Every structure is written in structure tokens, then in C-alpha cells.
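Notes follow the structure.
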Amino acid sequence: MEETFLWPVAKSRTGQSGVGVGIELVGTYQNRAGVPRDVWLSLLQGAQEQIDVLVFSGTFFAQSNPYVAKMLTERASVGVRVRLCFGDPRGHAAAIRGREEGIGNTLAAKIRASLTYYRALLPEAGCEVRLHDTTLYNSLFRYDDNLLVNPHIWGQPASANPLFHLKKAQSNGWFDNYAQSFDAVWAGARPWNPDQEETAAHGQD
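Numbering (the numbering used here), first residue to last: 21 to 225.
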């Protein structure tokens, strides 16, 4: 094991040393928008076991990388488990979050638009997409033992909120707590069926 991992010195984008922070915290960003694109790409491409994503709409995930669905499919083809969990556009949680951000029904529309990028994943072995109706305190992006945690500040879009980079180093630490929260939301989420969603949407017209 590398010495730099045994005693990591976490640094924020401002260059300040993370003295006293938890051993699993290896990086911080002032906001999610400040995370370099190559960080997202390298973590996705380097995943060997699992990729977990928990968001409301996650529109940036595909907009910043138009090949994300193809890349996720490629990871799944070599045995990586891919689990994507979006907000239910017909759920109460998305409606409440939309009101809190001052965008009303726009959030539900953003979720529906975001989901269209991932329809091609559904037939792929090892890929699952589900919809949750849960109050999210964080958006989560897990790539094996790396986890990007994007806390939610009331009334602000996720892109404007801080982001923490965790790397699993111990049992029952920060990493495991967040990973367990993903599993809990995932267990209560329903599988996304695009055909049923479209039928329900037309029925509301």
C-alpha cells in the first residue's frame, strides 16, 4: 500500500491542507460544477466492480459526457454492476424539491429528459435504472472504492453545492455510511419502465 494513501493529505481546490479531516476524505470541491471533467471520466472508465449513481435529475451527467450511456454499457460488458437511481418525476419528493428550488414542475421535466439518455442501458445485463421517491440529503456517485458525495443545501441546485471525494479505507467509516444510504434508497425504489411512464404521462394530458 502506498504511503500517500496510508497518510493522505486531503487538499481542496483552494490548496488548503485538510488537517484533521477523516482518513477517507481525499478531496473537496467548493461546488460540483468545479469538479474537472477528467475526474468524472477517469473514475467511470476505471471502475472494475460497481458504479452507483443517486440523483434527482442528474442532467449534467449526460450533458457533460454525451457518451456516458455507451461508456456505462462498456463497463457492464466487462462485469461492472451499474445501478442508476433517479427521482420519480411523478413522486412527492421531486415536487417538493422543485418548489424548494423555485423551479416548480421543471425538475420533473428535467428528470424525464435525463432518463432518455439511459433507455439503451435497460436491455444490458448488469445495468439497472430505478426511480426513487425519497428526500435526498446528498447526490452520490460511486465508482468501486471511490465515492463523490454532493450534499444538498436547501433551495440550491446540486451543482452549486460542495462535493467531497471519499476513498474507502476502513469499515463503518464515512464511505460505508454513504454506501449504505444508497442501498437503502435503492431497495425502496421502483424499476424504471419507459413504456409505462409514457402511458401514464399521456393519461395525465
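Heads up, the beta-carbon is just placed ideally off N, CA and C, and yes, glycines get one too. Model, not experiment: these values are computed from the prediction.
To the nearest angstrom, how far is it from the Cα of residue i to the Cα of residue j?
i	j	result
ALA113	GLY107	8 Å
SER201	VAL73	12 Å
ALA133	THR79	8 Å
SER159	PHE76	8 Å
ALA209	ALA129	19 Å
ILE116	ALA204	20 Å
GLN65	VAL59	10 Å
VAL98	PRO143	15 Å
ALA82	LEU151	17 Å
SER84	ARG57	7 Å
ALA175	PRO214	Sequence check: residue 175 is Gly here, not Ala. Each residue's Cα considered, the two are about 29 Å apart.
TYR137	ALA207	23 Å
TYR87	SER191	34 Å
ASN125	LEU168	27 Å
Using CA coordinates, which residue listed in the options is at the minimum distance from residue i?
i	options	result
ILE173	GLU121, PHE81, THR136, LEU141	GLU121
VAL102	CYS147, LEU151, ALA133, ARG162	CYS147
TYR163	ILE116, LYS90, ARG95	ARG95
PRO177	TYR198, ARG110, ILE123, SER191	ILE123
PHE161	PHE195, TYR87, GLY111	PHE195
PRO109	ASP153, TYR198, LEU92	ASP153
TYR157	THR93, GLY193, ASN192, ASN197	ASN197
MET91	GLY111, ARG119, THR126, LEU61	LEU61
THR155	GLY193, GLY111, VAL149, THR126	GLY111
THR93	ILE131, VAL149, GLY118	VAL149
LEU104	ILE131, SER179, GLY193	ILE131
Would you identify the three-state DSSP class for residue i, choosing helix, strand or coil?
i	result
LYS187	strand
ASN181	coil
GLN200	helix
GLY208	helix
SER159	strand
LEU214	In the sequence under discussion, the amino acid at residue 214 is Pro, which differs from the Leu named in the question. Of the three classes helix, strand and coil, the one that applies to PRO214 here is helix, per DSSP.
VAL98	coil
ASP72	strand
GLY175	coil
GLY54	helix
GLY66	helix
In chain order, what residues of the same chain lie with their CB nearer than 7 Å to the CB of residue i, ignoring the 5 residues before and after it?
i	result
LEU135	PHE106, TRP212
VAL100	ALA67, GLN68, GLU69, GLN70, ILE71, GLY146
Between which residues of its own chain and residue i is the CB-CB distance below 6 Å, once the five residues before and five after are set aside?
i	result
ASN166	LEU63, LYS187
ALA189	ILE43, GLU44
ALA140	ALA89
GLN216	none
Tell me which residues share the same chain as residue i and place their Cβ nearer than 8 Å to its Cβ, disregarding the 5 neighbours each side in the sequence.
i	result
ASN181	ASN51, ARG52, ASN170, PRO171, HIS172, ILE173
(message) At 3 residues or longer, what runs of the beta strand (DSSP E) sit wholly inside the segment 111 to 157?
(response) 147 to 152
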